[in-house]
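Heads up: the structure comes next, in structure tokens.
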């Protein structure tokens, strides 16, 4: 399997790679990817779940039970439940958000696609997202999956991140650059 830009070298990358290999053997890569997206969204939306995965004082047993209950409520697959149990047992739940990103990157690389994280000051229309996707596909030479988010602090423009590449055309960055240039 391709190295995916050094992802596998990190601890999170090794966990993600091991999960990807198991999911590939079982033919459940898309199901596990969906499970990880679900748990990732749950972490963002639930302060309690976020606190659970970041709190090193919670015992392994308590963390395992709590994460198993969350997995049951979210209806996650058995492989994903087992994986989360291993993370809890090894006290690695705090790495879960990075593992989710690494798994998505490995899966995308395996499919020959890139994931573009696009942040804009205002919500983009479906037409704008599609036009941007097409331009990024031409630039990257491969299929691009879009993940959009809104950050009003950008003031205008876009910030596009694909892997380790970042294209920042936000007004905030331009103003900061101008301010630095004026300072001398």
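Numbering (my numbering), first residue to last: 73 to 256. Using N, Cα and C, we set each Cβ at its ideal position, and we do this for glycine too.
Bridge partners of residue i, per DSSP?
i: residue 216; result: 186
i: residue 230; result: 192
i: residue 222; result: 192
Output needed for residue i: all residues of its chain with C-beta closer than 7 Å, excluding positions within five of it in sequence on either side, in chain order.
i: residue 240; result: 231
i: residue 121; result: 114, 115, 142
Are the Cβ atoms of residue i and residue j separated by less than 7 Å?
i: residue 214; j: residue 184; result: yes
i: residue 93; j: residue 148; result: no
Counting only the same chain and skipping the five closest in sequence on each side, list residues whose C-beta sits under 6 Å from that of residue i.
i: residue 189; result: 219, 233
i: residue 208; result: 188, 216
i: residue 243; result: 227, 228, 229
i: residue 87; result: 171
Which one of the options has the shortest CA to CA distance from residue i?
i: residue 152; options: 195, 104, 194; result: 104
i: residue 154; options: 166, 167, 137; result: 137
i: residue 123; options: 237, 223, 139; result: 139
Give every residue of the same chain whose Cβ lies closer than 8 Å to the Cβ of residue i, excluding the five residues on either side of it in the sequence, and list them in chain order.
i: residue 201; result: 190, 218, 220
Measuring from the CB of residue i, is there a heavy atom of the ligand NAP at a distance below 6 Å?
i: residue 199; result: No copy of the ligand NAP appears in this structure; indeed no ligand is present at all.
Taking 8 Å as the cut-off, does the segment 166-174 touch the segment 104-123 (at least 3 CB pairs, one atom from each stretch)?
yes
Counting pairs of Cβ atoms below 8 Å between the segment 155-162 and the segment 129-142, do you hit three or more?
For the pair of segments examined, the segment 155-162 was found to touch the segment 129-142: the number of CB pairs separated by less than 8 Å reaches three.
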